[in-house]
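What follows is a single structure, written as structure tokens, with notes after it.
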Amino acid sequence: MRGCKYLELAEALVAARECGCGGAGERLPSVRTLRARYGVSINTVLAAYGELEARGLVEARPRSGYFWRLAPPSLPPRPPELELRPREMTKGALIARVLASVGSAHLVPLGINCPAPEFLPGRALGRIAGQLVRQQGADHVGYAPVEGLWALREQIAVRAAGAGCRVSPGEVLVTSGAMEALYVALRAVLRPGDTALIAAPSYFCFQQLLENLGVRAVEIPSSPEHGVRPQDVRRAVEQISIQACILTPNFNNPDGSLMPDAAKAEIVDFLTARGIPLIEDDVAGDLHLAPRRPPLAKAFDRQGMVLTCSSFSKTLCPGYRIGWVLPGRWFAEALAVKATTNVSSATLPQMVVAAYLCQGRYDRHVRRLRSRIARSMEAMAAAVARCFPPGTRQTRPQGGGVVWIELPRSVDAVELFFRAREQGIGIAPGTIFSLHGQLDHFVRLNAAVPWTSQIEDAVAALGRLAAGMAA
Numbered sequence: 061m062r063g064c065k066y067l068e069l070a071e072a073l074v075a076a077r078e079c080g081c082g083g084a085g086e087r088l089p090s091v092r093t094l095r096a097r098y099g100v101s102i103n104t105v106l107a108a109y110g111e112l113e114a115r116g117l118v119e120a121r122p123r124s125g126y127f128w129r130l131a132p133p134s135l136p137p138r139p140p141e142l143e144l145r146p147r148e149m150t151k152g153a154l155i156a157r158v159l160a161s162v163g164s165a166h167l168v169p170l171g172i173n174c175p176a177p178e179f180l181p182g183r184a185l186g187r188i189a190g191q192l193v194r195q196q197g198a199d200h201v202g203y204a205p206v207e208g209l210w211a212l213r214e215q216i217a218v219r220a221a222g223a224g225c226r227v228s229p230g231e232v233l234v235t236s237g238a239m240e241a242l243y244v245a246l247r248a249v250l251r252p253g254d255t256a257l258i259a260a261p262s263y264f265c266f267q268q269l270l271e272n273l274g275v276r277a278v279e280i281p282s283s284p285e286h287g288v289r290p291q292d293v294r295r296a297v298e299q300i301s302i303q304a305c306i307l308t309p310n311f312n313n314p315d316g317s318l319m320p321d322a323a324k325a326e327i328v329d330f331l332t333a334r335g336i337p338l339i340e341d342d343v344a345g346d347l348h349l350a351p352r353r354p355p356l357a358k359a360f361d362r363q364g365m366v367l368t369c370s371s372f373s374k375t376l377c378p379g380y381r382i383g384w385v386l387p388g389r390w391f392a393e394a395l396a397v398k399a400t401t402n403v404s405s406a407t408l409p410q411m412v413v414a415a416y417l418c419q420g421r422y423d424r425h426v427r428r429l430r431s432r433i434a435r436s437m438e439a440m441a442a443a444v445a446r447c448f449p450p451g452t453r454q455t456r457p458q459g460g461g462v463v464w465i466e467l468p469r470s471v472d473a474v475e476l477f478f479r480a481r482e483q484g485i486g487i488a489p490g491t492i493f494s495l496h497g498q499l500d501h502f503v504r505l506n507a508a509v510p511w512t513s514q515i516e517d518a519v520a521a522l523g524r525l526a527a528g529m530a531a
């Protein structure tokens with residue numbers, strides 16, 4: 061036998077069964093019998109049986125040997141997707157439809173807010189994972205501490221310092237992605253019946269999280285030029301009883317706005333004076349296209365009133381689900397929420413990311429990532445200007461990875477979403493980014509993708525669809 065002997069032996073056994081030598085439930089030859097019959101080692105026979113076990117074809121019975129398993133029942137064919145039309149959909153159903161496009165191999169990925177895999181260091185992370193598994197033995201299969209691995213918390217504290225915020229590793233709480241970080245922060249400071257202040261537009265999951273927690277939401281405007289203005293925060297708080305504020309000061313999703321530092325400081329000071337916590341979403345803060353990394357709002361926090369939430373999903377490894385929250389004075393409450401909802405974030409991804417950061421590779425990678433996103437944004441801006449109907453306006457964000465596009469008012473973004481899906485293109489309609497209907501003619505496109513002919517053709521097709529609807 062040549063090549064991988066155990067695989068060849070496994071295939072020989074399967075072939076023999078297909079020829080009638082062995083049926084479901086029958087015992088296979090002993091290890092010693094196969095060793096003699098095929099002239100291989102005992103380890104090769106055991107490896108072959110292990111391979112067949114992994115395929116679900118055989119089972120080992122203590123003191124009895126190996127037996128062919130019963131054939132698994134065949135599964136019914138997957139039912140076709142039910143394509144609901146806009147008039148039939150609630151906003152929650154529409155959001156679910158948008159989220160269903162994430163990772164779809166059938167759609168050009170312009171509807172998600174995530175860098176393309178080609179932009180991320182997947183191979184480097186995979187090599188680190190392999191090294192850790194070999195070197196650390198079985199450590200990676202156990203629970204990590206509820207707060208997260210100390211080595212990772214140290215590195216997150218270092219990253220926070222680079223954004224103007226001095227925290228100790230003990231003030232960092234690791235979560236399974238930024239969504240869990242936001243959930244933990246909201247649960248720590250809000251109760252059912254409370255009211256939270258959010259921006260319009262803002263990340264649609266803010267609305268869903270608040271609704272699930274029984275918290276009402278009040279919107280104030282965000283503009284692509286300056287984000288949320290302090291005077292709008294002040295006016296809302298003076299008119300309505302607000303228990304928390306949720307903002308994305310650095311590169312708001314979807315409009316890409318960057319709040320001036322002075323505005324961040326003013327909002328933090330005002331909310332602190334009123335005893336209102338600020339929950340800060342900073343998942344895109346490292347994706348600044350200017351040389352300087354904008355500071356966190358928490359950099360202006362002197363009393364622990366800002367709870368900063370972030371993750372590595374937009375810069376490093378979305379599938380690893382590594383996020384964190386800096387809860388400030390609410391650390392104990394946040395830890396209690398985390399402990400009762402997710403006792404431990406996955407251990408191996410924490411180990412891998414901590415090792416990657418410790419090796420000093422993150423900054424170099426993110427510099428390259430920002431450069432690639434900037435080039436794609438330039439190409440997308442030119443394509444939108446060239447292909448979309450007259451009256452279209454688009455943002456030119458200073459960071460993040462998305463472009464916010466205002467179409468002529470006669471274009472229904474939800475209808476465009478469905479027509480684009482029919483042509484194999486994913487987009488995010490503006491409707492989902494606000495509680496009200498003033499964004500029905502906006503769309504968000506992902507620019508953190510390699511600018512290929514496929515992407516260029518997809519943007520051109522969107523332009524033709526929009527032009528046809530605007531006519």
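Residue numbering for the sequence shown follows the numbering used here, beginning at 61 and increasing consecutively. C-beta atoms are modelled at their ideal positions from N, C-alpha and C, and glycine is treated no differently.
*Around the C-beta of Leu429, are 16 or more other C-beta atoms found within 10 angstroms, so that it is buried, or is it exposed?*
buried
*Quick one: what does DSSP say Tyr263 is sitting in, helix, strand or coil?*
coil
*Which term fits Val341, buried or exposed, when burial requires 16 or more other beta carbons within 10 angstroms of its beta carbon?*
Reading the sequence as shown, one finds Asp at residue 341 and not Val. Its Cβ being crowded by 16 or more others within 10 Å, Asp341 is buried.
*asked:* So, at 7 Å on beta carbons, what are the nonlocal neighbours of Phe525 in its own chain, with the 5 sequence-adjacent residues on each side left out?
replied: Looking at the sequence shown, residue 525 is not Phe but Leu. The residues are Leu476, Arg479 and Ala480.
*asked:* My assumption, with CB atoms under 8 Å, is that Ile327 sits in contact with Val275. Please give the rounded CB distance.
replied: Going by Cβ atoms, the distance from Ile327 to Val275 rounds to 20 Å, so no, they are not a contact pair.
_Option nearest Leu167 by Cα separation, candidates Val118, Asn506, Ala530 and Met529_ = Asn506
_Touch test, the region 237–251 against the region 380–395, Cβ-Cβ under 8 Å, three pairs minimum_ = yes
*Along the alpha helix (DSSP H) that carries Glu113, what are the first and last residues, could you check?*
Ile102 to Ala114
*asked:* Measuring only the C-alpha atoms, how far is Tyr263 from Lys65?
replied: 54 Å
*Check Pro89 in the structure and name its three-state DSSP category.*
coil
*Just how far apart, CA to CA, sit Glu214 and Gly316?*
29 Å
*Which residues bound the beta strand (DSSP E) around Tyr126?*
Gly125 to Trp128
*asked:* So within the region 271–358, which uninterrupted beta strand (DSSP E) runs reach at least 3 residues, ignoring any that extend past its ends?
replied: 276–283, 304–307 and 338–341
*When burial is assigned at 16 or more other CB atoms within 10 Å of the CB, is Pro351 buried or exposed?*
exposed
*Taking Cβ positions, are Thr312 and Ala259 nearer each other than 8 Å?*
Sequence check: residue 312 is Asn here, not Thr. Contact flag set, yes.
_Alpha carbon of Ala277 to alpha carbon of Leu209, nearest angstrom_ = 34 Å
_Cβ contact check for the region 491–511 and the region 448–467: 3 or more pairs under 8 Å_ = yes
*Answer with buried or exposed for Thr93, where buried requires no fewer than 16 other C-beta atoms within 10 angstroms of its C-beta.*
exposed
*Have a look at Arg381 and Ser494 and give me their C-alpha separation to the nearest angstrom.*
26 Å
*Would you mind listing the beta strand (DSSP E) stretches within the region 450–503 that are 3+ residues and don't spill past its ends, in chain order?*
462–466
*Closest by CA to Gly83, which one among Ser90, Leu73 and Cys418?*
Leu73
*asked:* Please return the same chain residues whose Cβ sits closer than 7 Å to the Cβ of Ile188, not counting the five positions on each side in sequence.
replied: Val412, Ala415 and Tyr416
*Consult DSSP for Glu231 and reduce its assignment to one of helix, strand or coil.*
helix
*When burial is assigned at 16 or more other CB atoms within 10 Å of the CB, is Ala518 buried or exposed?*
buried
*With C-beta atoms as the reference, is Ala441 less than 8 Å away from Gln454?*
yes
*Under the three-state DSSP convention, the category Val201 falls into*: helix
*Provide the residue span of the alpha helix (DSSP H) that contains Gly182, from first to last.*
Gly182 to Gln196
_Completely contained alpha helix (DSSP H) runs for the region 372–448, where each covers 4 or more residues_ = 391–401, 407–418 and 422–447
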